[in-house]
Structures are given as structure tokens and as C-alpha cells.
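Notes for the one structure printed next.
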Amino acid sequence: MAYRSTDIVSRAQWGARETKESDHMGTPVKIVFIHHTAGQHSTTQEEGGRISRGIQNFHMDDRQWADIGYNFLVDEGGHVYEARGWDRVGAHTKGWNAMSVAFSVMGNFEETKPDVRALEAVQGMIQLGIDKGKISKDYKLYGHRDVGQTACPGENLYKIVRTWENYSEEKPKK
Ligand SMILES: [Zn+2]
């Protein structure tokens with residue numbers, strides 16, 4: 003499924019707070035990470051917006067980060083929410099933030115299987131990133147747990163990501 007930039011729920015649309023200082027990211031990036039939020043699931047833009055605001059508050063107020071950590075959030079209705087976007091370094095995958103884009107699916111996929119709409123949205127966004135020159139055509143795809151001590155993106159989502167084109171069994175190189 004083709005995604006267009008206009009399909010993305012903008013920060014203004016979901017009521018994001020203004021970002022603090024955050025670094026510009028050089029693109030295209032060669033690495034894409036898949037995460038889950040390990041929190042609430044959503045299928046509607048209203049719910050997804052509420053969840054995004056909650057995560058942003060947690061990341062900015064408790065974690066003291068400049069903004070919500072991920073580059074984009076995705077829900078199981080297929081909605082995509084702009085977080086740091088394509089061009090700003092996120093806070094999602096320790097050691098890899100400055101050279102990767104992170105998509106995080108709302109929900110906990112240790113317990114449940116992700117809806118196909120979320121999967122299509124992530125894949126559509128990767129293709130959009132390639133089309134826009136933000137993601138390298140020969141990018142490598144990983145789950146968060148491939149480079150960190152975490153269950154993220156949850157066993158059920160991780161199993162699917164491992165079957166996708168560009169998933170790499172080889173650990174990423176800097
Ligand atoms: Zn993660």
C-alpha cells in the first residue's frame with residue numbers, strides 16, 4: 003500500500019507539545035528499527051492522539067528528553083503519527099539514534115498479535131521514506147531487541163518483522 007506524506011497525522015493534528023532542542027539527522031539513513039510502545043493499543047485517530055500525547059509527556063517530563071522519542075508512531079487502525087519525523091535525531095535505540103529511523107507500533111506485542119493495518123502502515127512508511135530520499139534503498143531492518151536488552155518490539159511483532167524484506171540477521175555496523 004502506498005503511503006503519502008499527507009496521510010500522516012501531523013504534530014498539530016495530534017496536539018503535540020513543541021519540541022525542545024534536538025539534532026538534525028543526516029539522510030538517507032541506512033537503518034530502520036521497529037519498536038512497540040509496550041502500552042495501550044489504538045485503532046482510531048482520537049485514541050492514537052491521546053496515547054501519543056501521553057507518551058510525549060512521559061518522554062519529556064519523566065525521561066527529560068527533548069521530545070517524544072520515536073520518529074513515527076503507528077496504530078492498529080493504520081494511522082501514522084508524526085513524532086520527531088524524518089529529519090531529527092530521536093531517542094529510541096541507544097547507540098543508534100543518529101543513524102536510524104524508528105517506527106513504534108502502539109501496544110504490547112508480547113501478548114497480542116499486531117493488526118495487519120499496523121504492519122501495512124509501517125511498510126508503507128518505509129517505502130515513503132525511500133521515495134523521499136530519507137531511507138537508503140539498501141537499508142537494513144531490525145527490531146529493537148536486536149541491539150538492546152529489551153523484549154521490544156514484542157515477540158509477535160518481532161517474528162513478523164524478521165520475515166520482511168531487508169530484515170538483517172547480521173548485526174548493524176556503525
Ligand atoms: Zn523499543
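To convert, count from 1 in the sequence shown and add 2; that's this note's numbering. Beta carbons are placed, not taken as given, at the ideal position from N, Cα and C, and that holds for glycine. Keep in mind it's a predicted model, so treat the numbers as computed, not measured.
Here the alpha carbons of Thr39 and Val103 stand approximately 15 Å from one another. Residue pairing of Gly145 in beta bridges, as defined by DSSP: Ile36. One Cα belongs to Thr165, the other to Glu171, and the distance between them is close to 11 Å. For Tyr169, the beta-bridge partners assigned by DSSP are Leu143. Under the criterion of beta carbons closer than 8 Å, Gly126 and Thr29 do not qualify as touching, at roughly 18 Å. Positions of the beta strand (DSSP E) runs, each at least 3 residues long and wholly inside the stretch 49-103, are given as 74-76, 82-84 in order along the chain. Annotated as proximal: Arg90 and Ser24, with beta-carbon spacing under 8 Å. For Glu122, the uninterrupted alpha helix (DSSP H) run begins and ends at 118-133, by DSSP. In the displayed model, Ile10 falls within coil according to three-state DSSP, outside both helix and strand. Any heavy atom of ligand 1 counts here; residues with a Cβ closer than 5 Å to one of them, in chain order, are His37, His146, Cys154.
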